Structure formats: structure tokens, C-alpha cells
Amino acid sequence: MFAKAFRVKSNTAIKGSDRRKLRADVTTAFPTLGRDQVPALVPGKEELNVVKLYAHRGDAVTVYVCGGNPILFELEKNLYPTVYTLWSYPDLLPTFTTWPLVLEKLVGGADLMLPGLVVPPAGLPQVQKGDLCAIALVGNRAPVAIGVAAMSTAEMLTSSLKGRGFSMLHTYRDHLCPEGRQLDVKKSSYKKLSKFLQQMQQEQIIQVEELSRGVESIVAVDWKHPRITSFVIPEPSPTSQTIQEGSREQPYHPPDIKPLYCVPASMTLLFQESGHKKGSVLEGAEVRTIIISYAKKNDLVDADNKNLVKLDPILCDCILEKNEQHTVMKLPWDSLLTRCLERLQPAYQVTFPGQEPVMKKGKICPIDITLAQRASNKKVTVVRNLEAYGLDPYAVAAVLQQRCQASTTVSPAPGAKDGLQVQIQGNQVRHLSRLLLEDYQLPRKHIQGLEKAPKPGKKK
């Protein structure tokens, strides 16, 4: 809504009666706020302005600005918090998590698609279609966007996390945010703005220039500076604030991954007798049972050798190559079943503890561990596809940095849409092996590259 510049119609100080009404509206709209929190959000004496504006699409919006910061906005008689408000009350709305790379798209006006969601070990928050939700980034509780759920949590899981998940209303760094970029330096340890700017410039966070005599202006901000990217809201203590269920850090439990098979159009005749059609999803044991039943029902088991199955026209069309059509008349059971599975379309089901199963087409990509050479012939370890197994790349990088006593970085994975990779200095495959196999209890078959660990006695 605020992805593009808006037009301000009026900006007036709020009346006493309107201030009281706003408090009542906030209490109604956000019942989870405590009695002491509503007066803090809508103070009785601080300057509070009502800004009426038109968004770039013509929507009439009322914004409530307190101390120079937008705290609430009203659209079609519905009251919404801004990201500034959510930084003070991060548990005000059910919060979903996405990757840092997705934020740029949201700021540009895009809605949040379900493939961009990160499913935490505790599961997704339970919401209904139309519920107001907050969006945060992996590794940081501070919400960066606000949107309306396009479907319920149950529908999200049923759709295998595909499609549009949230219609975005407001994001960090959109045109509503600059309206509130003010700082009360007097309440900080710097006391004076000049000292604060000088310190920030020394740390290369900002660049200050005197564009006109006696007036210093901030002309550049390094948004990727560690002091900015590492800023997080501290976890509230249970005695000072009630923490919503599922917001606490949960121990990692590996997902249950089950291979599945989809019936393609070329094999519908083989499976239709058992009541299945194109697109039907089956487990391996079900496929085996259907094939055995089909062979026995159609009297295809060889009378002289029970280990062989005669191929009728349907089986020939489904599992034989063209050059085999007139030469292969029988197949052993194991070969018949293997060929059937190979010609079915692969799929898989992922189930995290306490969550509904999610089915996806194709084969699940294993966690990929590789070694690479960087500048000055330095060796690094790179690990990809952690997200598919519910692992937070930033959390994994933090653990490895401590265990390996080596530098780690998280960056976009080449060729993977919204995917991230973790890079660790040196050959750290042995540490990765212990972390993934022993600590996270992931099956070895879902990890490739473990053989790259340094041999005993060799230098890493």
C-alpha cells in the first residue's frame, strides 16, 4: 500500500475526545494488549497527530503519528499497527517468518507467496483467512511487514505451501517508514545529536556531509552494516510479558520424509482397476500391492516359474522401452516392480513434529556439502539446502562458528530461488557431519558430501 509515494491531505493535532476514542478502538482491535500497554501506545500528553493521506492507488488512509513515528493507520474503518508499533509489541499479531532476501520484494510492493515461508519446528501459527499477521525475518523477532492472510493455516498446508499467502499492507522501509525516522537522542547515552552522528560516522554506519552552512545531513546509510543487521529485539522475560505459545525457541527435531509416487497419464490403464487415476499419490507399498493384485487378477503369473510375470499389452506399454516391445515377454517380480516405480512421477511428503504433512512433487534435494577454493587459495566448506529440512542457515552458521572456531557467512545460493548457503572457513565437513547426523539426527541418505571430510593425519 505504501510501496510508492502518497499524497498528504491534512496533518492536525488530535483532540482530547478523539484521543480517548482511539484508545478505546485500540483496546477493541487488539485485545491482547494489557491495560498498561494501551496508554503507552496512545499516550495522554505526548504530541499525537492525525495525518490523512491518499495512497498511490487512491485509498484514503488515516495515520496516527506519535513523537514523529507512525504508530497506527486506519483503512476502511479497520485499525492496523505499523512496524514501529510491532517492534515494541512483537507478539501483538501472529507472526510468520520469511528469508531476508524476500524483504526486498515485499518493500517493492509484492505480496508474500507461500514458498517464501520458513516453517519453524513449532509449526506455523494458526490463523484464519482474513486475519492480520506480522512477517519477521529468520533470526530476528522484529516484524518487518504486516499483511492479511489469503488463506487459513490449514489451507496453506493443504496447498503444499504454494500460492499467495499474504496480501501485504505495510513494510519496513516503505514510504510510510521514512515519516517516522526520528530519534530522541536526549534519552540516549550520547545526549547530543552531534556526538551521535560523529560516532556513527566513525563506525562507517552513516555518511554525514555539510550540504549547507551549519546544517549537517545524512547522505548515506550502510544498511548492511553488522550493527544494523545484527539488531534484534531481546526476548521478553516471562514475568514482564506473556509469550505467545510457539514463540519460544524450540529444539530441532528432524522431519519424517516419506517417498511418494504420482500416477502419470501413461500409466493410468495399469492403475485404474484399483480405483486410481492420473495424479493419484501412492506410497511404495501401495504400488507393490496394486501391481501384484493386477498380475494375479489377470492371470499373468507364469505357471512354470512363479518368480516370473507375463507381460500383457498394458504392462508392455507402461514399463517397456520401444525396442523391448517384441523381445521381452516376461519379467521377474523385482524387475517388474522396480520398472513400475521408476516410471511413476516422484513426490515426497514432509512431516515436522506437531504439524500437518506437506506433499511436494519431485525428489527432495539432499543437504549438499562441497569444498571450494577462495582468494589466496583458501579452502572453504559450503553447505546448501538446509531450509528443506527445517534448518535455519543463520542458526547453523552460528553453531558452526563456535564449534569450528572459524568465520562463517550466509549468502544467497547460486541458482536457488530465495535459497541460502552457509560458508565456513577451512574443511569443516567432520564438524558438519557430527552436527547433522548426531545433533540433528538427520538420516545419512539425505546428506551428500560427507566423504569430503579430511582424512586422519592430513592437514585441513
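Residue numbering for the sequence shown follows UniProt numbering, starting at 1 and increasing by one per position.
Each residue gets a CB set at the ideal place from its N, CA and C atoms; glycine is no exception.
Note that the structure is predicted; figures quoted are calculated from it, not measured.
Rounded separation between residue i and residue j - CA only
i	j	result
Glu249	Val127	Here the model assigns Glu249 a pLDDT of 47, short of 50, so the residue's position is not dependable and the matter cannot be decided.
Ser159	Glu273	28 Å
Lys260	Leu336	This sequence places Leu at residue 260; Lys is not what is there. When rounded, the distance between both Cα atoms is 18 Å.
Lys452	Gln402	21 Å
Gly246	Tyr84	Any reading at Gly246 needs caution, since the residue's pLDDT is 34, under 50, leaving its predicted position unreliable; the model's value is listed next. Spanning the two alpha carbons is a distance of roughly 23 Å.
Thr32	Lys9	33 Å
Lys297	Asn305	17 Å
Ser407	Ala397	9 Å
Leu124	Pro353	12 Å
Gly275	His326	30 Å
Val219	Tyr348	51 Å
Gln201	Leu193	12 Å
Lys129	Leu117	16 Å
Trp223	Thr28	37 Å
residue 462	Ala413	The question about residue 462 has no answer, for the chain in this structure spans 1 to 460.
residue 461	Leu386	For the chain, the structure presents residues 1 to 460; residue 461 sits outside this window and is missing.
Gly23	Val38	First, the amino acid is wrong: residue 23 is Arg here, not Gly. Each residue's Cα considered, the two are about 7 Å apart.
Ile364	Val350	9 Å
Ser376	Thr171	41 Å
Val429	Pro454	8 Å
Ile14	Glu46	11 Å
Ala40	Ala150	32 Å
Arg57	Glu76	14 Å
Phe2	Thr82	11 Å
Glu203	Pro70	28 Å
Ser152	Ala136	18 Å
Ser293	Asp334	15 Å
Exposure label - residue i; buried when at least 16 CB within 10 Å
i	result
Arg141	buried
Pro443	exposed
Gln199	exposed
Val144	buried
Arg384	buried
Ser17	exposed
Gly165	buried
Gly449	buried
Ser237	Here Ser237 scores only 39 on pLDDT, less than 50, and its place in the model should not be relied on; the value that follows carries that caveat. Under this definition Ser237 is an exposed residue.
Asp299	exposed
Asp59	exposed
Glu179	With a pLDDT of 49 at Glu179, under the threshold of 50, the modelled position of this residue cannot be trusted, and the question is left open.
Thr12	exposed
Ile228	exposed
Gly34	exposed
Nearest neighbour of residue i, chosen from the options [CA to CA]
i	options	result
Gln423	Thr370, Asn377 and Leu260	Thr370
Val281	Ala150, Lys322, Lys360 and Glu203	Lys360
Glu74	Pro115, Leu176, Lys45 and Tyr89	Leu176
Leu161	His431, Ala388 and Pro412	Ala388
Leu101	Gly419, Thr289 and Thr82	Gly419
Gly67	Tyr89, Arg57, Gly44 and Val301	Gly44
Lys21	Val42, Gly34, Thr12 and Ala5	Val42
Tyr89	Asp36, Pro313 and Ala122	Asp36
Glu342	Lys322, Gly279 and Gly284	Gly284
Pro255	Ala372, Pro120 and Val215	Pro120
Glu438	His253, Phe96, Ala372 and Val208	His253
Pro357	Asp91, Ala154 and Glu321	Ala154
Ala295	Pro313, Gly279 and Lys278	Pro313
Cys133	Gly163, Ser167, Leu106 and Met156	Ser167
Gln425	Gln373, Asn323, Pro456 and Ile292	Gln373
Identity of the residues DSSP links to residue i by a beta bridge
i	result
His170	Ile146
Arg164	Met113
Phe96	Ile135
Lys52	Ser10 and Thr62
Val382	Thr370 and Gln423
Ala220	Gln207
Contact check, residue i vs residue j, beta carbons under 8 Å
i	j	result
Met267	Cys318	yes
Ile205	His225	yes
Val61	Ala55	yes
Gly139	Ala395	yes
Val26	Leu86	no
Leu436	Ile367	yes
Leu114	Thr98	no
Leu72	Arg7	no
Val328	Leu311	yes
Val382	Pro393	no
Lys378	Asn427	no
His431	Leu400	yes
Leu308	Pro332	yes
Val221	Arg173	no
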